[in-house]
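A.B. asks: Mapping to our numbering: the sequence shown position 64 is 102, numbers consecutive. Backbone N, C-alpha and C fix where the C-beta goes; we use that ideal spot for every residue, glycine too.
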Amino acid sequence: MEVVLYEFSFDYAKAIGFFIVLLIGAAFFFADKLIGRRAEPYVDIGSRTKEISPKVFKIITRSIGAFCLVVFLLFFTVHIAEYNEYKTMLESDSVSVVEGYVENYNPLPADGKGTENFEINGVYFAYSNADGRNGYTAIAKYGGVITMNGQHLRIKYVTNEEGENIILYISEIG
């Protein structure tokens, strides 16, 4: 009997970071309208304060806002394109499959830095809940399904350009 533990889907929680950058950018882009009319912006230069002209303030805030928008568009577009690529590969069975028992399981260190990792039949997997990437990233401490050596699993995965194995599907055999 096979029980599906994880299947790749769009993770909206990971997209929140992208939208925070967009909101920060929007706040900067419209800062001259939100702040400029109510108070004169000042900058602290050593022991004295200097007034920034509204025109310079507008240029600075709009530039920061535009930069945030470009960062959002770049990273979100790459994230969505990667998601679509992985989803298509999974649906067309153009993925690698490994089946066996979890070996050399290492949970995320107590300090929260690093990765949780394991092997199945010599195929190495590493991930962290801090990853913003697509694919399985749930560590055991926070409800992840891979929790110990000896679990009999079937994993469907793709290898990205960096040589990392990205988990798209996990089922438990037994």
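Note down, in chain order, each residue of its chain lying with its Cβ closer than 6 Å to the Cβ of Asn212, except the 5 sequence neighbours on either side.
C.D. replies: Rather than Asn, the amino acid found at residue 212 in this sequence is Gly. So the list reads His190, once near-sequence residues are dropped.
A.B. asks: Label Leu112 either buried or exposed according to how many other C-beta atoms from any shown protein chain fall within 10 Å of its C-beta, with 16 as the threshold for buried.
C.D. replies: Leu112 comes out exposed.
A.B. asks: For a test of the three-state rule: what should DSSP assign to Tyr165, helix, strand or coil?
C.D. replies: Reduced to three states, the DSSP call for Tyr165 is strand.
A.B. asks: Once you ignore the five residues that flank Ile102 on each side, which residues in its own chain have a CB closer than 7 Å to its CB?
C.D. replies: Phe66, listed in sequence order.
A.B. asks: So what's Glu120 in DSSP terms, helix, strand or just coil?
C.D. replies: Of the three classes helix, strand and coil, the one that applies to Glu120 here is helix, per DSSP.
A.B. asks: Can you check whether the CB of Val140 is closer than 8 Å to the CB of Ile158?
C.D. replies: Yes; because the gap between Cβ atoms is below 8 Å, this pair is in contact.
A.B. asks: Could you check where the beta strand (DSSP E) with Tyr50 kicks off and where it finishes?
C.D. replies: Run containing Tyr50: none in the beta strand (DSSP E); it sits in the alpha helix (DSSP H), Tyr50 to Phe67.
A.B. asks: Helix, strand or coil: which one does DSSP assign to Lys194?
C.D. replies: Lys194 falls in the strand class under three-state DSSP.
A.B. asks: Cα separation between Gly55 and His117?
C.D. replies: Their Cα atoms are separated by approximately 12 Å.
A.B. asks: Using a Cβ-Cβ cutoff of less than 6 Å, which residues in the same chain neighbour Cys106 once the five nearest sequence positions on both sides are dropped?
C.D. replies: Val59, Ile62 and Gly63.
A.B. asks: Given this structure, state the Cα-to-Cα distance separating Ile204 from Asn172, to the nearest angstrom.
C.D. replies: For Ile204 and Asn172, the distance between alpha carbons rounds to 8 Å.
A.B. asks: Rounded to whole angstroms, what is the Cα-Cα separation between Glu210 and Phe95?
C.D. replies: Roughly 58 Å between the two C-alpha positions.
A.B. asks: DSSP three-state label for Phe114, please.
C.D. replies: Phe114: helix per DSSP, three-state reduction.
A.B. asks: So what does DSSP say about Tyr174, is it helix, strand or coil?
C.D. replies: Three-state DSSP puts Tyr174 in coil, outside helix and strand.
A.B. asks: Just verifying my parser: in three-state terms, what is the DSSP assignment at Ile97?
C.D. replies: DSSP places Ile97 in helix when its eight states are reduced to three.
A.B. asks: Leaving out the 5 sequence neighbours to the left and right, which residues in its chain are closer than 8 Å to Ser166 when beta-carbon positions are compared?
C.D. replies: Same-chain partners within the cutoff: Leu146, Gly152, Thr153, Glu154, Thr175 and Ile177.
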